[in-house]
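These notes are about the structure you will find just below.
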Amino acid sequence: MMDYDQENSDHEAHASTESVEESPSEIKNNGSSDNTDPLTEAFNSYHNLQEVLEKELHKFQELGKESISLLHGGAESSSCIHSGPDQAGEATSSRWFRSENTGEKRLTRLDSEVLNLLKNVEHLEFKLEETKRILDVKESQIRELESTISVSERGTEMDIGMDDIFQQKIEAEIGYLTFSRSVESLKRKIKLIEEEKALAEEAHETLSKLEEARTKAENLKTQARDLQNHCVDITEIQEVESFKKRVVKTTSCLLLQLGLLFVLFNIQFMPESETVVPT
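The numbering of the sequence shown is the numbering used here, which starts it at 2 and goes up by one.
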């Protein structure tokens, strides 16, 4: 069992050294793959170093626990030797020497592993310092880039502002032209409306005059009809009067003729007188 533990501890120490040796290569590989982005490269290397440190500290704690358990096992075996009977003294003493030898070997191996871990920790601390320096350099570069970007953004903002002002000027001129054209068109429409209004007023006046003339014509027509009717009445009256005059004339003529005939008839039938009328 003790030999198996020794082999496991040796294997773990060798694996830890290999992991520590491989971690810089992994960091380098990550750095070479991320050449396009130096900030991500620095963060990845810092993260990998932190993980390796955590693994080494965890292994260091496990090794410390194993050394403490070995010390407790040696103390218990010594107490068993002192409390056991005298007949088993030789067997226990031989076991004690074997366990002591294996414990010393394990302690030497633990010391070597601790030294290796300390070296690895120092190496990792050195790598951490390098990564911190790289991060500081990258931060300074980022600040410089941000300052240059801010300056360029200000320049671009000024250019954008000038472009916006120029565009607004063009839009204002276009709006002024469209507004002036719309005003001119409105003025033309107003003139046309005024002319149409004047024509409508003239047409209304002419219509009113026509209506007045029509009413006058109708009145004249009615007056003419009345005059015509009056003339007809007058002619009828004149005809009646002329007929009356004719009748009177004819009757007077007839009466005169009758009177003359009566006188002539009387003269014929009267006897002749003997008196001579002087001539």
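Note that the Cβ used here is the ideal one computed from N, Cα and C, for glycine as well.
The alpha-carbon separation between Val-233 and Gln-224 amounts to approximately 14 Å. Excluding five sequence positions before and after Arg-215, none of the CB atoms of its chain fall closer than 6 Å to its own CB.
The C-alpha of Thr-236 lies about 22 Å from the C-alpha of Leu-221.
About 22 Å separates the beta carbons of Asn-121 and Glu-42, which is beyond the 8 Å limit, so they are not a contact pair.
Met-271 sits in coil when the DSSP states are folded into three classes, being neither helix nor strand.
CA-CA distance, Phe-61 to Leu-54, rounds to 10 Å.
Val-249 and Leu-228 have their C-alpha atoms spaced approximately 31 Å apart. A distance of 8 Å or more separates the beta carbons of Leu-146 and Leu-50. One thing to note: Ser-46 has its Cβ within 8 Å of the Cβ of Thr-132.
Straight-line measurement puts the Cα of Gly-176 at about 45 Å from the Cα of Arg-144.
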